[in-house]
Amino acid sequence: ARTRRRIAFRERSFDDGSMLKLVCAVLLAACTHPTTCPPPVAPVTSVATDDVPSPDDQLKKWQAIHATKDQVPAGTTAAQLVPELVAYLGSVDPARRDGIAFEVFVSWIVKDPKLSADELKGLIATLEGNLAGPLDARDGVYLRSFSALVLSLVVKRDLDQPFLDDAARRKLLDAAVAYAGRETD
162 ARTRRRIAFR
172 ERSFDDGSML
182 KLVCAVLLAA
192 CTHPTTCPPP
202 VAPVTSVATD
212 DVPSPDDQLK
222 KWQAIHATKD
232 QVPAGTTAAQ
242 LVPELVAYLG
252 SVDPARRDGI
262 AFEVFVSWIV
272 KDPKLSADEL
282 KGLIATLEGN
292 LAGPLDARDG
302 VYLRSFSALV
312 LSLVVKRDLD
322 QPFLDDAARR
332 KLLDAAVAYA
342 GRETD
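Here the sequence shown is numbered in my numbering, starting from 162 and rising by one per residue.
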């Protein structure tokens with residue numbers, strides 16, 4: 162059965178969505194066996210209202226971008242704006258993290274692609290690095306978990322418009338397995 166799975170993976174004979182389902186299943190199942198899960202770390206306390214940053218010019222810029230159905234502003238490219246979005250993935254502010262960063266990534270990666278294959282490969286490397294972030298970093302769970310969510314969008318894009326080779330897919334799957342195996346939240 163293992164050989165058959167490898168062959169099917171290599172030949173991309175999986176149906177639309179099965180790779181995404183596989184990654185999700187790995188993430189969900191990785192800690193079902195108690196001997197393989199890392200020991201829990203101190204619980205994360207809820208975010209105090211004082212911890213959420215006040216609206217600033219950068220947030221206003223992103224709200225304006227999002228209000229235009231995530232159109233890239235004139236004079237810039239989506240790739241130039243990606244580092245700001247990646248930083249927002251780790252924000253304690255759900256308006257920045259969920260409402261801006263994740264939703265813009267959904268648009269720019271899947272709905273109305275604005276990032277090229279090479280730009281997505283660079284994003285993958287950044288997000289895979291985020292998955293391995295320290296478990297004891299204050300609020301680090303946001304960056305790790307939202308990086309995993311954005312990687313699932315990249316997998317969806319690869320299913321729709323293949324751009325990764327087998328080695329890159331395997332590396333992505335290995336990063337997801339490692340992340341799920343060590344995540345304590």
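Yeah, the Cβ is synthetic: ideal placement off N, Cα and C, and Gly gets one too.
- Take Asp212, set aside five residues on each side of it, and the residues of its chain with a beta-carbon closer than 6 Å to its own are Val253, in chain order.
- Sorting Tyr249, Pro255, Arg318 by C-alpha distance to the C-alpha of Lys275 places Arg318 at the top.
- Rounded to the nearest whole angstrom, the C-alpha separation of Ala235 and Leu288 is 26 Å.
- Selection Val338, Leu242, Lys332, Asp231 evaluated against Glu280 yields Leu242 as nearest (Cα-Cα).
- Note on geometry: alpha-carbon atoms of Trp269 and His227 lie some 11 Å from one another.
- Ranked by Cα distance from Arg258, the options Ile285, Gln232, Trp223, Lys272 are led by Trp223.
- Here Ser306 is buried, its C-beta having at least 16 other C-beta atoms within 10 Å.
- In terms of CA proximity to Leu334, Val316 leads the group Val233, Pro323, Glu344, Val316.
- Residue state for Lys230 is assigned as coil, using DSSP reduced to three classes.
- In the DSSP assignment, Ser308 falls within the unbroken alpha helix (DSSP H) covering 301-321.
- Judged by their CB atoms, Leu250 and Leu304 are nearer to each other than the 8 Å cut-off.
- Burial check for Asp321: the Cβ neighbour count within 10 Å stays below 16, so the residue is exposed.
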